[in-house]
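Engineer: Chains Y and B, in that order, are what the protein sequence lines are.
The opening residue of the first sequence carries number 102 in this note's numbering; numbering runs sequentially from there.
The opening residue of the second sequence carries number 102 in this note's numbering; numbering runs sequentially from there.
For reference, the structure I am asking about is given below.
2 protein chains.
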Amino acid sequence: MPATRYDVIGIGNAIVDVLVHTGDDFLNSEGLIKGAMSLVDAERSADLYSKCGPAIECSGGSAANTIAALASLGSTSAYIGKVRDDQLGTVFGHDIRALGIDFDTAPASDGPATATCLVLVTDDAERTMQTYLGACVGLGPEDIDEDYISAADVTYMEGYLWDPEAAKEAFLKAAKIAHRFDRQVSLSLSDPFCVDRHRDEFRDLVKNHVDILFANEEEIMSLYQVENFDTALQAVREDCKIAALTRSEKGSVVVAGDEVHVVDAEPVEKVVDTTGAGDAYAAGFLHGLTKGHDLAVAARMGGIASAEVIAHMGARPEVSLAELLSQRLG
Amino acid sequence: MPATRYDVIGIGNAIVDVLVHTGDDFLNSEGLIKGAMSLVDAERSADLYSKCGPAIECSGGSAANTIAALASLGSTSAYIGKVRDDQLGTVFGHDIRALGIDFDTAPASDGPATATCLVLVTDDAERTMQTYLGACVGLGPEDIDEDYISAADVTYMEGYLWDPEAAKEAFLKAAKIAHRFDRQVSLSLSDPFCVDRHRDEFRDLVKNHVDILFANEEEIMSLYQVENFDTALQAVREDCKIAALTRSEKGSVVVAGDEVHVVDAEPVEKVVDTTGAGDAYAAGFLHGLTKGHDLAVAARMGGIASAEVIAHMGARPEVSLAELLSQRLG
Chain Y
102 MPATRYDVIG
112 IGNAIVDVLV
122 HTGDDFLNSE
132 GLIKGAMSLV
142 DAERSADLYS
152 KCGPAIECSG
162 GSAANTIAAL
172 ASLGSTSAYI
182 GKVRDDQLGT
192 VFGHDIRALG
202 IDFDTAPASD
212 GPATATCLVL
222 VTDDAERTMQ
232 TYLGACVGLG
242 PEDIDEDYIS
252 AADVTYMEGY
262 LWDPEAAKEA
272 FLKAAKIAHR
282 FDRQVSLSLS
292 DPFCVDRHRD
302 EFRDLVKNHV
312 DILFANEEEI
322 MSLYQVENFD
332 TALQAVREDC
342 KIAALTRSEK
352 GSVVVAGDEV
362 HVVDAEPVEK
372 VVDTTGAGDA
382 YAAGFLHGLT
392 KGHDLAVAAR
402 MGGIASAEVI
412 AHMGARPEVS
422 LAELLSQRLG
Chain B
102 MPATRYDVIG
112 IGNAIVDVLV
122 HTGDDFLNSE
132 GLIKGAMSLV
142 DAERSADLYS
152 KCGPAIECSG
162 GSAANTIAAL
172 ASLGSTSAYI
182 GKVRDDQLGT
192 VFGHDIRALG
202 IDFDTAPASD
212 GPATATCLVL
222 VTDDAERTMQ
232 TYLGACVGLG
242 PEDIDEDYIS
252 AADVTYMEGY
262 LWDPEAAKEA
272 FLKAAKIAHR
282 FDRQVSLSLS
292 DPFCVDRHRD
302 EFRDLVKNHV
312 DILFANEEEI
322 MSLYQVENFD
332 TALQAVREDC
342 KIAALTRSEK
352 GSVVVAGDEV
362 HVVDAEPVEK
372 VVDTTGAGDA
382 YAAGFLHGLT
392 KGHDLAVAAR
402 MGGIASAEVI
412 AHMGARPEVS
422 LAELLSQRLG
């Protein structure tokens, strides 16, 4: 049973990131698509790792990063995701609980290891990700507890959940519970290749199950298979109650029925690692929304959170985002 | 069989560091001695970890850090240390091999997990370390291979090896092989509390087995139980062929028979985390020595390596130390 009411509950692939600096040469020689997240099996993951330089390990996972940023913003939150009962599973659980986030999903006691994502960061701050889903394939509807979903204003899920088979059912079960309790359902499209893999299902989701959609420019254009941003904007406006569309240095566009906001990006001194930019934006936006701010302010909060995360290595904030917000917004 | 001749082979406790930012309050409430390395059992390690904030994991271990810095300086090197065949053992092995270091010690297939060191970094850049030795207790004389020791100009060992029981024998076996093949034996005293734990044995070692000694001011004063640095300097001069004594911002003093050098510290813009300062100094010094430089230049190289490592989080260099040396020394 949850001990409290939550602003947001996140559901996602529980992943430990393995961060390595690398060059374009390596991406080319391994045939990796720069900027994308690709799924790899255990063998390929181990092969790539063996060819990489020294790494640092830290907790990741798209929705988990969002929940971590929400905690830093002062929102109350919980997380659902599947690790194994191994060392990296312990690391994942520690890091998320240490932020005051409720995380009670039972770890798998056998089967594949805790998921890892090999994050190859190049000098241009782009990240190329190779994900071994591992224990994430074990997340299923049995991990979705009505008491937790109904306790949260927003149930937030990542598109990547569509990759492991059983998680789709978990996603739909959570969405149905949320709506039954008059809560909101939010989805991030995760990445353009993920949209490619699941386009028809994502279109159905966006039209029929999602209240608040997060997508970047490439993702939303891929969803509707259109050639320019504005066409995608008009399409999503028909499908979704609220869509927050991020455009890197161009800022973000939020559309909600007749309401449209075009919000500039926050200044960043030096972009170091773009991993987690979208995750942090979603956190800032949802924080604003659940705290009763209007959409333009929520978008600005998303931009501030995102700017913090891309200014350093790693996908989770290094400073208190709550303090940062009060400095920037007064 | 080693594939090459080595400049240095390191023997130490193979440890994965768990780095966390924390405050003095936490150290006080847990009764931790600031700046020291304490040994903890699995239970206490897990208890402290559960009370800490989010962490990042990266390979550590004192002698392993030295060997990693030597690789960055362009020395050829190997490492002997014991991990388990678990996820953190894989991380340790990956990171050291990725630097081109030979590491062929068989991992334990049962028993305690790979060692971890909870490194609590406070705002003043001090690190307080809680080490769970785990699989390190399995390192023994059977892991010391004559072919490797005889292939290295210097066999470098950390004082921390005196903590797990069987490693002492490994240490002495390695020292004897090295001397039989006319190689040099080097020891780092590791930390003043380690010296306290093993003072009599360390004095015997320094007098009878060690050619090149590394110690900081506190450690060398603790070894001889004297109240000031100069008294310790005179004592070690009698006992050891070469002693390199580090004094933080006061630089280092090298004594070798009649030869004495007092070398200033290198400038550092901002000290962020002193973890690994002594490890990096030893690497720079041994690099200089094995490449035929005189003692004053070797001490300067130690200072340059050390200055790089304390300017960021983590105990291993983030840039090529070989390039840094050529910039600084021309």
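Glycine is no exception: its CB is placed at the ideal position from the N, C-alpha and C atoms.
#1: Out of Leu-240(B), Asn-129(B) and Gly-377(B), state which residue places its alpha-carbon closest to the alpha-carbon of Glu-270(B).
#2: What three-state label does DSSP hand Leu-171(Y) in the structure shown?
#3: Output yes if chain B places a C-beta closer than 7 Å to the C-beta of Gln-231(Y); else output no.
#4: Quick one: complete beta strand (DSSP E) runs, 3+ long, within the region 114 to 169 of chain B?
#5: Any chance you could list the alpha helix (DSSP H) runs of at least 4 consecutive residues sitting entirely within the region 287 to 311 of chain Y, in chain order?
#6: To which residues of the same chain is Phe-330(B) closer than 6 Å at the C-beta, ignoring the five residues directly before and after it?
#7: Measure the CB-CB distance between Leu-117(B) and Ser-146(B) and report whether it falls below 7 Å.
#8: Considering only residues of the same chain and omitting the five flanking positions on each side of Val-369(Y), which have a CB-CB separation below 7 Å?
#9: Would Gly-154(B) count as contacting chain Y if we go by Cβ distances under 7 Å?
#10: Give me whichever residues DSSP pairs with His-280(B) in a beta bridge.
#11: Listed in chain order, which residues of the region 137 to 171 of chain Y have Cβ atoms closer than 8 Å to some Cβ of chain B?
#12: For Val-398(Y), which residues of its own chain have a beta-carbon under 6 Å away from its beta-carbon, when the five flanking residues on both sides are left out?
#13: Does the Cβ of Arg-417(B) have 16 or more other Cβ atoms within 10 Å, making it buried, or fewer, making it exposed?
#14: Could you tell me which residues DSSP pairs with Thr-256(B) in its beta bridges?
#15: Just by C-beta distance, which residues in the region 182 to 201 of chain Y are closer than 7 Å to chain B?
#16: Relative to chain Y, which residues along the region 396 to 421 of chain B have a C-beta separation below 8 Å, given in chain order?
#17: Which bits of chain Y does Ala-214(B) rub up against, with CB to CB less than 9 Å?
#18: Identify, in the order they occur along the chain, each residue of the same chain with its Cβ nearer than 7 Å to the Cβ of Asp-244(B), setting aside the five sequence neighbours on each side.
#19: My assumption, with CB atoms under 8 Å, is that Leu-324(B) sits in contact with Phe-303(B). Please give the rounded CB distance.
#20: Give me whichever residues DSSP pairs with His-362(B) in a beta bridge.
#21: Answer yes or no: do Ile-405(B) and Gly-385(B) have a C-beta to C-beta separation smaller than 7 Å?
#22: Tell me, to the nearest whole angstrom, how far the beta carbon of Ser-163(Y) is from that of Ile-202(Y); I am working on the premise that it is less than 8 Å.
#23: Look at the alpha carbon of Ala-366(B) and the alpha carbon of Ser-251(B), and state the distance between them as a whole number of angstroms.
#24: Would you list, in sequence order, the uninterrupted alpha helix (DSSP H) runs of no fewer than 4 residues that lie entirely inside the region 320 to 345 of chain Y?
#25: Using three-state DSSP, classify Ile-405(B) as helix, strand or coil.
#26: The beta strand (DSSP E) that contains Ile-250(Y), what's its start and end?
Structural biologist: By the coordinates alone:
#1: Leu-240(B)
#2: helix
#3: no
#4: 116 to 122, 138 to 140 and 157 to 160
#5: 293 to 298 and 300 to 309
#6: Glu-318
#7: Looking at the sequence itself, residue 117(B) is Val, so the reference to Leu does not match. Contact flag unset, no.
#8: Ala-408, Ile-411 and Ala-412
#9: yes
#10: The partner list for His-280(B) (beta bridge, DSSP) is empty, contrary to what the question assumes.
#11: Tyr-150, Ser-151, Cys-153, Gly-154, Pro-155, Ala-156, Ile-157, Glu-158, Cys-159, Ser-160 and Ala-169
#12: Gly-389
#13: buried
#14: Ile-110(B) and Val-286(B)
#15: Asp-187, Gln-188, Leu-189, Val-192, His-195, Asp-196, Ala-199 and Leu-200
#16: Gly-415 and Arg-417
#17: Gln-188
#18: Ile-181, Lys-183, Thr-206 and Ala-271
#19: 6 Å
#20: Val-355(B)
#21: yes
#22: With 8 Å as the limit, Ser-163(Y) and Ile-202(Y) do not qualify as a contact, their Cβ atoms being about 15 Å apart.
#23: 34 Å
#24: 330 to 340
#25: helix
#26: Element bounds for Ile-250(Y): not the beta strand (DSSP E) but the alpha helix (DSSP H), 247 to 251.
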